[in-house]
Amino acid sequence: MRIRKILILLVLFTVILVPGVNAVEPEITATSATVIDCIDGKILYSKNMDEKLYPASLTNVLTAILVVENCNLEDKVTISANAIRNVETGYLTANIKEGEIFTIEQLLNLLLISSYSDVANALAEHVAGDIETFTQKMNEKAKEIGCTHSNFVNCNGEHDTNHYSTSHDMALIAKYAMKYEELRDIAQKTEYSLPATEIYNKSDRNYYTTNEMLKASSKNYYKYAKGIKTGFTTPAGNCLMVYSKKNNMPLVAVVMKSTTQNSRYEDAKNIIEYSYDNNTLRTIATEGTNIQTINVKQGTPDTKKLNVILETSVIAVVKDENKASNIEPQISINENLKAPIEKGAIIGKVSYEIEGKTYTANLIAESNVKKSHKKLIFGLIFLGVILSLGGLRARALYKRTKTLKKIRGK
Numbered sequence: 125m126r127i128r129k130i131l132i133l134l135v136l137f138t139v140i141l142v143p144g145v146n147a148v149e150p151e152i153t154a155t156s157a158t159v160i161d162c163i164d165g166k167i168l169y170s171k172n173m174d175e176k177l178y179p180a181s182l183t184n185v186l187t188a189i190l191v192v193e194n195c196n197l198e199d200k201v202t203i204s205a206n207a208i209r210n211v212e213t214g215y216l217t218a219n220i221k222e223g224e225i226f227t228i229e230q231l232l233n234l235l236l237i238s239s240y241s242d243v244a245n246a247l248a249e250h251v252a253g254d255i256e257t258f259t260q261k262m263n264e265k266a267k268e269i270g271c272t273h274s275n276f277v278n279c280n281g282e283h284d285t286n287h288y289s290t291s292h293d294m295a296l297i298a299k300y301a302m303k304y305e306e307l308r309d310i311a312q313k314t315e316y317s318l319p320a321t322e323i324y325n326k327s328d329r330n331y332y333t334t335n336e337m338l339k340a341s342s343k344n345y346y347k348y349a350k351g352i353k354t355g356f357t358t359p360a361g362n363c364l365m366v367y368s369k370k371n372n373m374p375l376v377a378v379v380m381k382s383t384t385q386n387s388r389y390e391d392a393k394n395i396i397e398y399s400y401d402n403n404t405l406r407t408i409a410t411e412g413t414n415i416q417t418i419n420v421k422q423g424t425p426d427t428k429k430l431n432v433i434l435e436t437s438v439i440a441v442v443k444d445e446n447k448a449s450n451i452e453p454q455i456s457i458n459e460n461l462k463a464p465i466e467k468g469a470i471i472g473k474v475s476y477e478i479e480g481k482t483y484t485a486n487l488i489a490e491s492n493v494k495k496s497h498k499k500l501i502f503g504l505i506f507l508g509v510i511l512s513l514g515g516l517r518a519r520a521l522y523k524r525t526k527t528l529k530k531i532r533g534k
């Protein structure tokens, strides 16, 4: 009997404690780490997220952003001697040759599948003319994205004490990069090959991803990972930038200076799973939902009653405890709204506030509202009556004047 009571108590304690288990943040080896969602940009996990560290070849993701924003995938790049020569000893090269011509798409695949300094150099020269000008553009773009603790002095992440960033800034860069379908597609590839060219006539240039999260055969495989990039130098330690998607919720995670190659994957997986376990994707309101019905001034009797509907769905990433909480919409209809109104016309806005963030969507007309001509008809009738009365009065005055003239004439 006593054992039974102990078991019951243990079960009760388990039931009480289980809801709070996910709230305990994971222990990680990385010096700095950040997870943000790709819908709201909320920080779902952070550890020393503003500590300045060396990003190594995670830098290539910012380089890729500038490339896709300034080039077409089919554009041709001629490899210069400087792009090949300007690689520090010990850093990876893709064995591309001076004078070879590749497309932007081919070089972007190499840029993200591994850490080839010569490829990054060639792309930088193509975009900006020279690497120095390109790095200026990198810093400008980083500030535009929202980075506040970063400085880039090269396009490939080769070590330099003045080349630094933070896990939060790099997460912002990752989120920004993943809005481009071209980069999302490339980031999740595990292998790529270059064809033979006139200058290099072999077909042996095969490249394989350094991101073990993408390899199904690896113990570090993570089925929700969709990229993006590994990074390593001795001063930077083991770095990893991850794009993942689970339950339709896209996240980016960055870990910087993990203790070992394997631990960077463990660190990333733990903080990503923590973020998924404690947050959910909530549809606050669905596209086409009737938010309000109003009577439109000057509308015809059969069309003036108008349903005001949502133009787009309102979706948010919220903590689990808020996945079903009540949220009252704040509705704002345009002033002096009157007929005619076309179906689909924006006639107001609606906003929802949750977890300190406001979500706004347009309100549109569900149907056409035709303008009533009743007032115009009444106005014309009234005008006609006035004109008629005026005409009768004018006629009477004319007759009176004529009569008076006759009398005076006599």
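Under our numbering, the residue at position 371 of the sequence shown is numbered 495, and the numbers go up by one with no gaps. We treat Cβ as the ideally placed atom computed from N, Cα and C, and that holds for glycine. Note that the structure is predicted; figures quoted are calculated from it, not measured.
Buried or exposed: which applies to residue i, given that a residue is buried once 16 or more other Cβ atoms fall within 10 Å of its Cβ?
{"i": "Arg-524", "result": "exposed"}
{"i": "His-287", "result": "buried"}
{"i": "Pro-425", "result": "exposed"}
{"i": "Lys-200", "result": "exposed"}
{"i": "Asn-372", "result": "exposed"}
{"i": "Thr-354", "result": "buried"}
{"i": "Ser-239", "result": "buried"}
{"i": "Gln-230", "result": "buried"}
{"i": "Asp-254", "result": "exposed"}
{"i": "Ser-474", "result": "Here residue 474 is Val; the residue named in the question, Ser, does not match the sequence. Classification for Val-474: buried."}
{"i": "Leu-521", "result": "exposed"}
{"i": "Pro-319", "result": "exposed"}
{"i": "Asn-330", "result": "exposed"}
{"i": "Glu-264", "result": "exposed"}
{"i": "Glu-198", "result": "exposed"}
{"i": "Pro-359", "result": "exposed"}
{"i": "Ser-342", "result": "exposed"}
{"i": "Asn-196", "result": "exposed"}
{"i": "Thr-257", "result": "exposed"}
{"i": "His-497", "result": "exposed"}
Closest to residue i by C-alpha separation, out of the options, would be which residue?
{"i": "His-292", "options": "Asn-172, Thr-404 and Arg-517", "result": "Asn-172"}
{"i": "Thr-290", "options": "Asp-328, Ala-154 and Glu-459", "result": "Ala-154"}
{"i": "Ile-451", "options": "Asn-458, Glu-459, Ile-457 and Val-442", "result": "Val-442"}
{"i": "Ser-491", "options": "Arg-209, Pro-453 and Ile-470", "result": "Ile-470"}
{"i": "Lys-481", "options": "Ile-152, Glu-149, Ile-203 and Ile-167", "result": "Ile-167"}
{"i": "Ser-317", "options": "Leu-247, Asp-328, Leu-190 and Phe-276", "result": "Asp-328"}
{"i": "Val-185", "options": "Lys-428, Ile-160 and Ala-244", "result": "Ala-244"}
{"i": "Ala-248", "options": "Ala-180, Asn-210, Asn-372 and Ile-269", "result": "Asn-210"}
{"i": "Lys-428", "options": "His-283, Gly-270, Glu-397 and Ala-489", "result": "Ala-489"}
{"i": "Cys-271", "options": "Glu-315, Cys-279 and Met-262", "result": "Met-262"}
{"i": "Ser-399", "options": "Thr-383, Glu-256 and Lys-369", "result": "Lys-369"}
{"i": "Thr-404", "options": "Thr-384, Asn-280, Cys-162 and Ile-310", "result": "Cys-162"}
{"i": "Lys-447", "options": "Ile-433, Ile-455, Thr-436 and Ile-478", "result": "Ile-478"}
{"i": "Gln-312", "options": "Asn-335, Cys-195 and Leu-296", "result": "Asn-335"}
{"i": "Phe-356", "options": "Gly-165, Asn-280 and Glu-268", "result": "Asn-280"}
{"i": "Lys-462", "options": "Ala-266, Asp-164, Val-420 and Glu-306", "result": "Val-420"}
{"i": "Val-454", "options": "Asn-486, Gly-468, Ile-310 and Thr-183", "result": "Residue identity check: residue 454 is Gln in the sequence provided, not Val. The residue with the shortest Cα to Cα distance from Gln-454 is Asn-486."}
How about residue i and residue j: are their beta carbons less than 8 angstroms apart?
{"i": "Met-365", "j": "Met-294", "result": "yes"}
{"i": "Val-192", "j": "Lys-299", "result": "no"}
{"i": "Ile-418", "j": "Leu-430", "result": "yes"}
{"i": "Ala-207", "j": "Ala-246", "result": "yes"}
{"i": "Tyr-367", "j": "Lys-350", "result": "yes"}
{"i": "Gly-472", "j": "Asn-460", "result": "no"}
{"i": "Ala-440", "j": "Ile-395", "result": "no"}
{"i": "Gly-412", "j": "Val-493", "result": "no"}
{"i": "Ile-297", "j": "Ile-269", "result": "yes"}
{"i": "Thr-187", "j": "Leu-235", "result": "yes"}
For residue i, which residues of its own chain have a beta-carbon under 7 angstroms away from its beta-carbon, when the five flanking residues on both sides are left out?
{"i": "Ser-156", "result": "Lys-171, Asn-172, Met-173, Glu-175, Leu-177, Thr-290, Ser-291, Met-380 and Lys-381"}
{"i": "Val-145", "result": "At Val-145, the pLDDT of 44 sits below 50, so the modelled position is not reliable; the number obtained from the coordinates is stated separately. Cβ within range, chain order: n/a, list empty."}
{"i": "Glu-282", "result": "Glu-212, Tyr-215 and Ser-241"}
{"i": "Lys-326", "result": "Ala-320"}
{"i": "Gln-385", "result": "Asn-362"}
{"i": "Tyr-483", "result": "Ile-408, Val-438, Ala-440, Ser-475 and Tyr-476"}
{"i": "Gly-468", "result": "Ile-488 and Ala-489"}
Within the same chain, show all residues whose beta-carbon is closer than 6 angstroms to that of residue i, passing over the 5 residues directly before and after it, in chain order.
{"i": "Ser-387", "result": "Thr-153"}
{"i": "Ile-323", "result": "Lys-221, Gly-223 and Glu-224"}
{"i": "Val-378", "result": "Thr-158, Ser-291, Met-294, Ala-295 and Met-365"}
{"i": "Asn-194", "result": "Val-251"}
{"i": "Ala-180", "result": "Gly-281, Gly-355, Phe-356, Thr-357, Ala-360 and Cys-363"}
With DSSP as the reference, label residue i as helix, strand or coil.
{"i": "Ile-163", "result": "coil"}
{"i": "Phe-258", "result": "helix"}
{"i": "Thr-436", "result": "coil"}
{"i": "Lys-381", "result": "strand"}
{"i": "Lys-526", "result": "helix"}
{"i": "Ser-317", "result": "strand"}
{"i": "Val-277", "result": "coil"}
{"i": "Tyr-348", "result": "coil"}
{"i": "Thr-357", "result": "strand"}
{"i": "Glu-224", "result": "coil"}
{"i": "Glu-466", "result": "coil"}
Once you ignore the five residues that flank residue i on each side, which residues in its own chain have a CB closer than 8 angstroms to its CB?
{"i": "Lys-339", "result": "Thr-314, Thr-333 and Tyr-345"}
{"i": "Thr-227", "result": "Leu-197, Glu-198, Asp-199, Lys-200 and Val-201"}
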